[in-house]
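Chains A and B are the protein sequences, given in the same order.
All the letters of the first sequence, read from the start, carry residue numbers 0 to 252 under numbering that gives the first Met the number 0.
All the letters of the second sequence, read from the start, carry residue numbers 0 to 285 under numbering that gives the first Met the number 0.
Think of the CB as a built atom: it goes at the ideal place given N, C-alpha and C, for glycine as much as any other residue.
In what follows, a single structure is set out as structure tokens and then discussed.
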Amino acid sequence: MTERVGFFTDTSVCIGCKACEVACKEWNNVPEDGLNFTGESYDNTSALGADTWRHVAFIEQQHDGTPRWLMSSDVCKHCTSAACLEVCPTGALFRTEFGTVVVQQDVCNGCGYCVPACPYGVIEKREEDGRAFKCTLCYDRLKDDMTPACAQACPTESIQFGPLEELRARAFERLEVLHVAGEAGARLYGEDPDDGVGGAGSIFLLLDEPEVYGLPPDPVSTTRDLGSMWRAAAGAGAALLAGVAVAAFGGRR
Amino acid sequence: MSDSYYGRPILKQPTWTWEIPCYFFAGGLAGAAAPFALACELRGDEALARRAWLVALAGVAASPALLVSDLGRPERFHHMLRVFKPTSPMSIGSWILASSSSAVALAAARSVLGWFPRLGRAAGATAVLGPALATYTGVLVADTAVPVWHEARRELPWVFAAGAAMSAGSAIALIGGGAPARRLALTGAAGELAATTVMEQRLGALGEPYHEGAAGRFGQAAKTLTAAGAVIMAAVGRRRAGAVAGGALMLAGAMATRWSIYKAGFQSVADPKYVVEPQRARRARA
Chain A
0 MTERVGFFTD TSVCIGCKAC EVACKEWNNV PEDGLNFTGE SYDNTSALGA DTWRHVAFIE
60 QQHDGTPRWL MSSDVCKHCT SAACLEVCPT GALFRTEFGT VVVQQDVCNG CGYCVPACPY
120 GVIEKREEDG RAFKCTLCYD RLKDDMTPAC AQACPTESIQ FGPLEELRAR AFERLEVLHV
180 AGEAGARLYG EDPDDGVGGA GSIFLLLDEP EVYGLPPDPV STTRDLGSMW RAAAGAGAAL
240 LAGVAVAAFG GRR
Chain B
0 MSDSYYGRPI LKQPTWTWEI PCYFFAGGLA GAAAPFALAC ELRGDEALAR RAWLVALAGV
60 AASPALLVSD LGRPERFHHM LRVFKPTSPM SIGSWILASS SSAVALAAAR SVLGWFPRLG
120 RAAGATAVLG PALATYTGVL VADTAVPVWH EARRELPWVF AAGAAMSAGS AIALIGGGAP
180 ARRLALTGAA GELAATTVME QRLGALGEPY HEGAAGRFGQ AAKTLTAAGA VIMAAVGRRR
240 AGAVAGGALM LAGAMATRWS IYKAGFQSVA DPKYVVEPQR ARRARA
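What follows is the structure, given as structure tokens:
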């Protein structure tokens with residue numbers, strides 16, 4: 000395996016140009032995701048999904064008495080402990096040599112298990128196709144030593160691509176700079192290897208609570224509780240067997 | 000507004016359609032009927048065993064059809080069987096269903112038609128593992144980010160196990176199963192009412208979706224049908240009409256419980272508060 004790579008999305012310098020959304024669609028041939036007018040600031044793609052692998056969120060808010068416009072380009076987190084990958088019953092979802100999580104479209108049979116398993120609501124089934132789709136972190140480009148399309152297109156280096164360890168260090172440095180500059184609400188998201196998903200492969204610098212951006216505050220890969228779940232199933236199964244035995248043997252016919 | 004982004008859900012809705020709650024019902028039916036059939040054989044009651052094997056066979060015959068029909072690419076159903084993946088309850092479940100459905104088919108063929116006498120006996124003996132088919136589905140739904148499923152992970156297998164006993168007992172009683180089938184149905188009915196109540200209690204505020212909308216209506220129907228069916232079965236189940244009426248009501252009750260759980264999952268995903276609030280509280284405690 001080569002070095003694990005990922006994204007660092009520094010939302011403090013995002014200008015909401017959506018070049019990432021467009022570059023991703025172009026490169027990966029992602030179908031159009033609806034020509035909608037949502038009325039939700041400049042956002043008309045609304046959320047990540049089967050046909051939206053980069054999503055720029057726009058939040059208009061009052062901050063210390065003045066209007067503030069937050070923008071953030073969201074993407075698949077490529078979790079260390081990836082629930083989608085763990086629950087996939089066909090092996091279609093796999094971990095690449097770059098440490099990223101990718102769907103093998105020739106294997107996926109559209110069971111849909113990954114969809115409710117993802118604690119971020121990223122992966123989705125493309126209805127007209129039947130299979131699950133999400134960001135591949137431009138697996139094809141990585142194999143040719145190229146930068147993913149979104150990071151390549153980002154004009155402000157809000158989206159940075161590189162070895163994850165390097166990005167994490169850079170994220171902490173940037174956080175320090177913002178805190179010194181008085182941006183008290185700045186925080187990192189997905190940087191902690193001890194969080195519920197073992198740390199994300201896409202880390203973010205946010206300026207407000209994660210839920211404001213539509214991100215879960217404390218995401219968990221539920222497979223970490225598999226032990227307790229199977230124990231409950233075994234207990235219930237044993238009780239069922241006992242109940243069956245009592246019904247069959249315990250009394251008149 | 001600060002609770003989420005324009006009030007939008009954080010999680011994606013499950014893609015599973017009507018086949019899945021019906022499968023929970025069919026799989027549960029087979030998962031309880033098969034060990035019951037084996038127990039009847041051991042007791043020497045071949046006639047009752049034959050009825051129970053037929054009920055189990057109906058359950059395992061419907062199950063794969065329902066599951067394959069739910070796939071986005073049904074022609075690729077066999078991709079489930081290209082790996083054995085312990086981290087995926089659906090992978091484990093596919094193998095449980097594949098093995099138990101073959102075993103039930105062989106055992107039923109021996110019991111009803113007299114085919115494969117030795118193989119059929121051996122296959123029938125594996126029915127002691129039948130309950131796995133009834134309870135793994137609790138793990139299947141609990142191993143998702145869906146709040147009302149994951150947080151009910153300790154109770155869901157019990158709800159499914161009890162409902163399996165109730166539906167298998169009812170179905171066998173319906174076709175002349177007599178006292179043992181009635182006992183199975185009534186034990187299951189009591190178990191399901193108890194397990195569902197415990198689950199709702201333990202979920203606390205998060206259990207709200209189980210009382211609202213479609214989930215709430217199915218849940219209420221389930222309790223009413225189950226209780227009414229159990230009373231009829233207990234009181235007049237000895238008579239054919241009583242067994243048919245009580246059994247049918249309890250079968251409907253078991254199905255309604257599964258639909259209630261299925262619908263509650265969707266409802267808890269639709270409102271981001273069920274995702275954000277518990278996670279915020281968890282982070283505050285940490």
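CB-CB length for residue i against residue j, believed under 8 Å
i, j, result
"residue 69/B", "residue 86/A", "Not confirmed; about 15 Å, so no contact."
"residue 149/A", "residue 22/A", "6 Å"
"residue 155/A", "residue 12/A", "5 Å"
"residue 59/A", "residue 68/A", "6 Å"
"residue 195/A", "residue 219/A", "3 Å"
"residue 65/B", "residue 25/B", "6 Å"
"residue 131/B", "residue 161/A", "Their Cβ separation, rounded to whole angstroms, is 46 Å, which puts residue 131/B and residue 161/A out of contact at 8 Å."
"residue 231/A", "residue 20/B", "At roughly 20 Å, the Cβ-Cβ gap does not stay under 8 Å, so residue 231/A and residue 20/B are not in contact."
"residue 177/A", "residue 187/A", "That belief does not hold up - the Cβ atoms of residue 177/A and residue 187/A are roughly 10 Å apart, past 8 Å."
Cα-Cα separation between residue i and residue j, rounded to whole angstroms
i, j, result
"residue 208/A", "residue 71/A", "12 Å"
"residue 28/A", "residue 204/A", "28 Å"
"residue 0/B", "residue 233/A", "Confidence is the limiting factor: at residue 0/B the pLDDT is only 39, short of 50, which leaves the residue's position unreliable, though a coordinate-based value still follows. If I take the Cα positions, the gap works out to 43 Å."
"residue 273/B", "residue 267/B", "6 Å"
"residue 3/A", "residue 183/A", "31 Å"
"residue 244/A", "residue 244/B", "25 Å"
"residue 277/B", "residue 191/B", "27 Å"
"residue 260/B", "residue 99/A", "34 Å"
"residue 252/B", "residue 223/B", "8 Å"
"residue 53/B", "residue 248/B", "20 Å"
"residue 172/B", "residue 166/B", "10 Å"
"residue 225/A", "residue 88/A", "15 Å"
"residue 111/A", "residue 228/A", "20 Å"
"residue 231/B", "residue 242/B", "8 Å"
"residue 111/B", "residue 201/A", "59 Å"
"residue 50/A", "residue 125/A", "7 Å"
"residue 119/B", "residue 107/B", "8 Å"
"residue 198/B", "residue 241/A", "21 Å"
"residue 103/A", "residue 19/A", "23 Å"
"residue 168/A", "residue 72/B", "43 Å"
Of the residues the options, the one placed nearest residue i, counting alpha carbons only
i, options, result
"residue 31/B", "55/B, 43/B, 116/B", "55/B"
"residue 13/B", "270/B, 232/B, 264/B, 284/B", "264/B"
"residue 251/A", "260/B, 42/B, 103/B, 10/B", "42/B"
"residue 187/B", "65/B, 18/B, 35/B", "35/B"
"residue 90/A", "131/A, 139/A, 8/A, 97/A", "131/A"
"residue 45/A", "62/A, 26/A, 74/A", "74/A"
"residue 84/A", "163/A, 222/A, 231/A, 247/A", "222/A"
"residue 120/A", "173/A, 248/A, 133/A, 128/A", "133/A"
"residue 283/B", "216/A, 190/A, 62/A", "216/A"
"residue 18/B", "49/B, 7/B, 67/B, 93/B", "67/B"
"residue 17/A", "50/A, 170/A, 57/A", "57/A"
"residue 113/A", "98/B, 119/B, 145/B", "145/B"
"residue 225/B", "207/B, 246/B, 122/B", "246/B"
Proximal chain B residues relative to residue i, where beta-carbon distance stays under 8 Å
i, result
"residue 229/A", "138"
"residue 117/A", "10, 11, 144"
Residues that residue i contacts on chain B, provided the C-beta gap is smaller than 7 Å
i, result
"residue 123/A", "11"
"residue 250/A", "178, 182"
"residue 33/A", "Those do not exist, as residue 33/A stays about 14 Å from chain B at its closest Cβ, beyond 7 Å."
"residue 224/A", "152"
"residue 221/A", "142, 143, 144, 149"
"residue 39/A", "5"
"residue 56/A", "4"
"residue 217/A", "278, 281, 282"
Chain-ordered neighbours of residue i on chain A, where CB pairs are closer than 9 Å
i, result
"residue 84/B", "85, 86, 87, 88, 89, 90"
"residue 79/B", "88, 89, 108, 110"
Within chain B, the residues that residue i reaches when beta carbons sit closer than 9 Å
i, result
"residue 198/A", "Residues of chain B passing the Cβ test: none, with the nearest at roughly 16 Å."
"residue 210/A", "1, 2, 3, 4, 9, 271, 274, 275, 278, 279"
Neighbour list for residue i in chain A, Cβ cutoff strictly below 8 Å
i, result
"residue 76/B", "108"
"residue 72/B", "107, 108, 109, 129, 130"
"residue 299/B", "Because residue 299/B is not part of the residues shown, which for chain B are 0 to 285, the question remains open."
"residue 87/B", "85, 86, 87, 88, 112"
Proximal residues of chain A, C-beta to C-beta of residue i below 7 Å
i, result
"residue 15/B", "111"
"residue 90/B", "88"
heavy atom of the ligand ADP below 6 Å from residue i C-beta
i, result
"residue 123/B", "In the structure on display, the ligand ADP does not appear, and there are no ligands present to speak of."
- Can you list, in chain order, the residues of the stretch 87-112 of chain A whose Cβ is nearer than 8 Å to any Cβ on chain B? Listed by position, the residues of the stretch 87-112 of chain A near chain B (Cβ gap below 8 Å) are 87, 88, 89, 90, 91, 106, 107, 108, 109, 110, 111, 112.
- Item | chain A contacts from the stretch 154-181 of chain B (Cβ-Cβ distance under 9 Å) | 154, 155, 156, 157, 158, 159, 160, 161, 163, 164, 167, 168, 177, 178, 179, 180, 181: these are the residues of the stretch 154-181 of chain B whose beta carbon lies less than 9 Å from some beta carbon of chain A, given in chain order.
- Taking only beta carbons into account, state which residues of the stretch 264-284 of chain B come closer than 8 Å to chain A, listed in chain order. Residues of the stretch 264-284 of chain B whose Cβ lies closer than 8 Å to any Cβ of chain A, in chain order: 264, 268, 271, 274, 275, 278, 279, 281, 282.
- Task: For the stretch 16-46 of chain B, enumerate the residues whose C-beta is nearer than 7 Å to any C-beta of chain A, in chain order.
- Result: So the list reads 31, 34, 35, 38, 39, 42, 44, given in the order they occur along the chain.
- Query: What are the residues of the stretch 120-139 of chain B that lie near chain A, defined by any Cβ-Cβ distance shorter than 7 Å?
  - Reply: From the stretch 120-139 of chain B, only 127, 130, 131, 133, 134, 135, 137, 138 have a Cβ closer than 7 Å to chain A.
- Which residues, taken in chain order from the stretch 87-117 of chain B, show a beta carbon closer than 9 Å to some beta carbon of chain A? Listed by position, the residues of the stretch 87-117 of chain B near chain A (Cβ gap below 9 Å) are 87, 88, 89, 90, 91, 92, 93.
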